[in-house]
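Protein chains: 2
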Amino acid sequence: MRRTNLSLALRHLRTNGGRSRAQLAQDLGVSKATASALVGELGQRGLVRESELHRTGGAGRPGLTVDPDGRHVAGVGLELNTDYLAAVAVDLRGRRLAETVRHLDIADLRPAAALDAAADLVGPLLKELRADGVTPMGLALSTSGVIDHAAGVVTFAANLGWRDVPVVSEVRRRLGLADDIWVSVESANQLAAVAEHAAYGDPALTELLYVSGDEGVGAGIIAHGRIITGASGFSGEVGHLPLNPAGTTCRCGRTGCWETLVGFGAVVERATSPGDPLRDHSVPLPRRIDELRSRLAAADEDAHAAIEQLVVDLTTGLSVGIDLLNPQVVVLGGWFAAVGDLIATPVARALEQRQRDFGSVVDLAVSRLGALSSATGGAHFALEPVLDDPLLAPKAST
Amino acid sequence: MRRTNLSLALRHLRTNGGRSRAQLAQDLGVSKATASALVGELGQRGLVRESELHRTGGAGRPGLTVDPDGRHVAGVGLELNTDYLAAVAVDLRGRRLAETVRHLDIADLRPAAALDAAADLVGPLLKELRADGVTPMGLALSTSGVIDHAAGVVTFAANLGWRDVPVVSEVRRRLGLADDIWVSVESANQLAAVAEHAAYGDPALTELLYVSGDEGVGAGIIAHGRIITGASGFSGEVGHLPLNPAGTTCRCGRTGCWETLVGFGAVVERATSPGDPLRDHSVPLPRRIDELRSRLAAADEDAHAAIEQLVVDLTTGLSVGIDLLNPQVVVLGGWFAAVGDLIATPVARALEQRQRDFGSVVDLAVSRLGALSSATGGAHFALEPVLDDPLLAPKAST
DNA sequence: CGGAATTAGTGGAGATTCCGAACGAATTGG
DNA sequence: CCAATTCGTTCGGAATCTCCACTAATTCCG
Numbered sequence: 001m002r003r004t005n006l007s008l009a010l011r012h013l014r015t016n017g018g019r020s021r022a023q024l025a026q027d028l029g030v031s032k033a034t035a036s037a038l039v040g041e042l043g044q045r046g047l048v049r050e051s052e053l054h055r056t057g058g059a060g061r062p063g064l065t066v067d068p069d070g071r072h073v074a075g076v077g078l079e080l081n082t083d084y085l086a087a088v089a090v091d092l093r094g095r096r097l098a099e100t101v102r103h104l105d106i107a108d109l110r111p112a113a114a115l116d117a118a119a120d121l122v123g124p125l126l127k128e129l130r131a132d133g134v135t136p137m138g139l140a141l142s143t144s145g146v147i148d149h150a151a152g153v154v155t156f157a158a159n160l161g162w163r164d165v166p167v168v169s170e171v172r173r174r175l176g177l178a179d180d181i182w183v184s185v186e187s188a189n190q191l192a193a194v195a196e197h198a199a200y201g202d203p204a205l206t207e208l209l210y211v212s213g214d215e216g217v218g219a220g221i222i223a224h225g226r227i228i229t230g231a232s233g234f235s236g237e238v239g240h241l242p243l244n245p246a247g248t249t250c251r252c253g254r255t256g257c258w259e260t261l262v263g264f265g266a267v268v269e270r271a272t273s274p275g276d277p278l279r280d281h282s283v284p285l286p287r288r289i290d291e292l293r294s295r296l297a298a299a300d301e302d303a304h305a306a307i308e309q310l311v312v313d314l315t316t317g318l319s320v321g322i323d324l325l326n327p328q329v330v331v332l333g334g335w336f337a338a339v340g341d342l343i344a345t346p347v348a349r350a351l352e353q354r355q356r357d358f359g360s361v362v363d364l365a366v367s368r369l370g371a372l373s374s375a376t377g378g379a380h381f382a383l384e385p386v387l388d389d390p391l392l393a394p395k396a397s398t
Numbered sequence: 001m002r003r004t005n006l007s008l009a010l011r012h013l014r015t016n017g018g019r020s021r022a023q024l025a026q027d028l029g030v031s032k033a034t035a036s037a038l039v040g041e042l043g044q045r046g047l048v049r050e051s052e053l054h055r056t057g058g059a060g061r062p063g064l065t066v067d068p069d070g071r072h073v074a075g076v077g078l079e080l081n082t083d084y085l086a087a088v089a090v091d092l093r094g095r096r097l098a099e100t101v102r103h104l105d106i107a108d109l110r111p112a113a114a115l116d117a118a119a120d121l122v123g124p125l126l127k128e129l130r131a132d133g134v135t136p137m138g139l140a141l142s143t144s145g146v147i148d149h150a151a152g153v154v155t156f157a158a159n160l161g162w163r164d165v166p167v168v169s170e171v172r173r174r175l176g177l178a179d180d181i182w183v184s185v186e187s188a189n190q191l192a193a194v195a196e197h198a199a200y201g202d203p204a205l206t207e208l209l210y211v212s213g214d215e216g217v218g219a220g221i222i223a224h225g226r227i228i229t230g231a232s233g234f235s236g237e238v239g240h241l242p243l244n245p246a247g248t249t250c251r252c253g254r255t256g257c258w259e260t261l262v263g264f265g266a267v268v269e270r271a272t273s274p275g276d277p278l279r280d281h282s283v284p285l286p287r288r289i290d291e292l293r294s295r296l297a298a299a300d301e302d303a304h305a306a307i308e309q310l311v312v313d314l315t316t317g318l319s320v321g322i323d324l325l326n327p328q329v330v331v332l333g334g335w336f337a338a339v340g341d342l343i344a345t346p347v348a349r350a351l352e353q354r355q356r357d358f359g360s361v362v363d364l365a366v367s368r369l370g371a372l373s374s375a376t377g378g379a380h381f382a383l384e385p386v387l388d389d390p391l392l393a394p395k396a397s398t
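Residue numbers (UniProt numbering), protein chains in the order written: chain A, 1 to 398; chain Y, 1 to 398.
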């Protein structure tokens, strides 16, 4: 009961920005007295704090702005990707407190070794946070593949070669985490969508589609301000959308999958001839992307032609998502973001032209979070328990 | 505060089925005393009632089952479609109290005349409900096209030829409705999805995709048990999904739209030769479907070939929705349902084969609600205010 | 068959938490 | 400088929840 109201108040302040107690009371439909009490309790826990005067311009006594604070509670995100681990900590204000990336080929390791490495990365980070007086409230792991959320198990992750790995309990054990810290696994692309959503920080933005490509292509969907996970956490699997029955054969055996049109490998094949070093899969993806970029800078005709085709094919696939979901914003991530400066404008123009006929408009944006996107989203996600129940936050000594 | 708990209790009983007070207390995390009080208050308003003993098999005194009742509060749905009006009333138990369909070519009428006809249809229905002691709590209008929900205006509906018609206020005025009855407009396909979702009545079913075809094709999405409306209520516009760059030209000017593959007109074109009476657009759609069916029964080869192709193309488009949303169930409506007995099994088999590779499984179902689907969904939707605030229901005299 | 154990529902005491009204404080505008 | 206005706090009263005790109804088991 009180919890619910505290949660509502904190969420409201966080998404809609700081405001006076009186304003908050009106927004939440409670009395001023109640709003004061709620703010008081949130303040005791360091989740909000008063800042300067809140002048409205009109007559009357100005209020004291109550801003979300929460600098000493944090969420932590940890991404387990094919060729790197990334950890990010974010406090309740949305400020990034820490970030670490470690490159290593997880696909070459056994799950146990990979989880060891992950624990080695996050353990010090948690210790550091605690040393700074910050309490980590949750830890969200990020992987791709099939996830059993309830059990905290990665059922199947093709890119890591994992099957039935109980990541939540394993990470818990390795880090020696107490029960008061919440640990979960979520889909990498869905968390990246959360990160992009949080990066906007606009309360009116509730419908967002995040599309990321590397070798494969994946998407994350935010609707009504929440992640759409699907029945088995398997939403956003757009890599094999059948977009061209006359297209090339995909590694999945079918023809014309979106991945065969806009995956990095597919574009490189169109931009190069057999034997080209750019086609070498053993080179890390960031370096291959750099190489492609330098060829584009050097006005390589084949590369430019491939990018032009990418614009067309990207538009086609995005149209599918837009028609189905009608988002306000589409965010491009992964290697699409790496060539965002080249493709964003033409894709946006093509989308606009297409969607105008159908009455809906959509903004196109390019992710600026890079490899940290999914971990950042995890960090935000890991704060959910505090937002749901602010009483979980420890009483501040400061 | 109390309202919230009443709402939670009523929703819980409705979605999870009747149970004892003690059970309810445990489920909601409140004390037994509170659960008793809540049930008492809901009972006073006729929203729940006690039925027989609730034996669990174990030791101890058996409880009295508390079942959702609400036979004297109703939601009403009214669909405005191209060639018919349909109205449905549903009580809180989910029982259909009334239904009316009236065929008329709305596209030929001015909006004012169409709204007159709609009011003539619903007015008597409301009167009848009231005469039976049933209080209509809400009225949901259903149209296709672009809808401004907040204003209650149909901004643009291609099939009706409407532009900026303030349907909510107009219907309110014509029916002389008081402020205590809630009126809204929603998208036809989204409401149909609600109806299918409600028809299942399974609390575990929260992710559903409804796909309906007639001349055009549309979808409705339920995720987390709620409608996904999209940024401007324009989600589920799957008619122009670009599925074949080498396909035929669509009326929208592009090529290979899904509509050109699975729309009724498209299939008929493949099943007939020029000049065939089946191609006559002036014949009402149900009759044309009947004619196609009788040709199929007569083993018309072209018709069968067209249906076989439909199976392939339907599978392709459904795969798109499944990959993106990972629903538990896909429900086919509209003319797809009219040929459901012929296509459901092969489509389901094709989907199963495809999805198995991706780790997700999905059920395929055929709608049995026919032309009433959208109005039925509207009726369910119109009950939302009572579920949100059970205190709105009048105290029962019975 | 009968008492012990177990579970359901109710009533009352006490504690929380909310609201409304009243009041002092801080500011604008004339 | 004073009226008007708005902010935030305080305090009494009301609503509502929880806890605990108690009765009721049933199963279990000797």
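Where a beta carbon is used, it is the ideal one built from N, C-alpha and C, also for glycine.
Interface criterion not met: the Cβ of residue 173 (chain A) is under 8 angstroms from no Cβ in chain Y.
Between the region 205–215 of chain Y and the region 176–194 of chain Y, the count of C-beta pairs closer than 8 angstroms reaches three or more; the two stretches touch. Segment contact: the region 3–11 of chain Y against the region 380–390 of chain Y, three or more CB-CB distances shorter than 8 angstroms; contact assigned. Checking the DSSP bridge columns, you'll see residue 210 (chain A) partnered with A:220, A:331.
Distances from the alpha-carbon of residue 96 (chain Y) to those of Y:113, Y:107, Y:76 put Y:76 closest.
A distance below 6 angstroms between beta-carbons, with the five flanking residues on each side excluded, links residue 105 (chain A) to the following residues of its chain, in chain order: 83. In the DSSP assignment, residue 264 (chain Y) forms no beta bridge with any residue.
The continuous alpha helix (DSSP H) containing residue 342 (chain A) extends over residues 340–356.
Annotation: residue 372 (chain A) to residue 186 (chain A) spans about 15 angstroms, alpha carbon to alpha carbon. Within its own chain, the residues whose Cβ lies closer than 8 angstroms to the Cβ of residue 116 (chain Y), once the five positions on either side in sequence are excluded, are 174, listed in chain order. Bridge partners of residue 103 (chain A) according to DSSP: A:84. Contacts between residue 242 (chain A) and chain Y, judged by CB atoms closer than 8 angstroms, involve 243, 316, 319, 320 in chain order. Counting only the Cα atoms, residue 177 (chain A) lies some 37 angstroms from residue 208 (chain Y). Of all residues in the region 149–173 of chain Y, only 155, 156 come within less than 8 angstroms of chain A when Cβ atoms are compared, listed by chain position. Apart from sequence neighbours up to five positions away, the residues of its chain that approach residue 303 (chain A) with a beta-carbon distance below 7 angstroms are 271, 292, 295, 296, ordered along the chain.
With fewer than 16 other Cβ atoms inside 10 Å of its own Cβ, residue 308 (chain A) counts as exposed.
Note that the C-beta distance between residue 20 (chain A) and residue 64 (chain A) is below 8 angstroms. Each residue's CA atom was taken as its position, placing residue 161 (chain A) and residue 107 (chain A) some 6 angstroms apart.
Within the DSSP bridge table, the entry for residue 7 (chain Y) names no partner. In chain order, 9, 21, 24, 48, 66 place their CB closer than 8 angstroms to the CB of residue 39 (chain Y), counting only its own chain and leaving out the 5 sequence neighbours on each side. DSSP, read as helix, strand or coil, puts residue 374 (chain Y) in helix. Those residues of the region 213–236 of chain A placed with their C-beta closer than 8 angstroms to a C-beta in chain Y are 219, 221, 223, 224, 226, 228, 229, 230, 231, 232, 233, 234, 235, 236, ordered along the chain.
Bridge partners of residue 383 (chain Y) according to DSSP: none are assigned.
For the 8 angstroms CB-CB criterion, residue 226 (chain A) and residue 197 (chain Y) do not form a contact. Around the beta carbon of residue 248 (chain A), fewer than 16 other beta carbons sit within 10 angstroms, so the residue counts as exposed. Taking 8 angstroms as the cut-off, the Cβ atoms of residue 216 (chain A) and residue 239 (chain A) count as close. Assignment of residue 79 (chain A) by DSSP, reduced to helix, strand and coil, places it in the strand class. Within the DSSP secondary-structure output, residue 168 (chain Y) pairs in no beta bridge. Judged by DSSP secondary structure, residue 322 (chain Y) falls within the alpha helix (DSSP H) whose first and last residues are 301–325. In the three-state reduction of the DSSP assignment, residue 98 (chain Y) falls in the strand class. Here residue 44 (chain Y) is exposed. Its C-beta has fewer than 16 other C-beta atoms within 10 Å. Separation of residue 219 (chain Y) and residue 103 (chain A) (C-alpha to C-alpha, rounded to the nearest whole angstrom) is 43 angstroms.
Residues of chain A with a Cβ closer than 7 angstroms to the Cβ of residue 323 (chain Y) are, in chain order, 237, 238, 240, 241. Contact with chain Y is absent for residue 41 (chain A), since none of that chain's Cβ atoms lies less than 8 angstroms from the residue's Cβ. Secondary structure of residue 54 (chain A) (DSSP, three-state): strand. The beta carbons of residue 344 (chain A) and residue 320 (chain A) sit no closer together than 8 angstroms.
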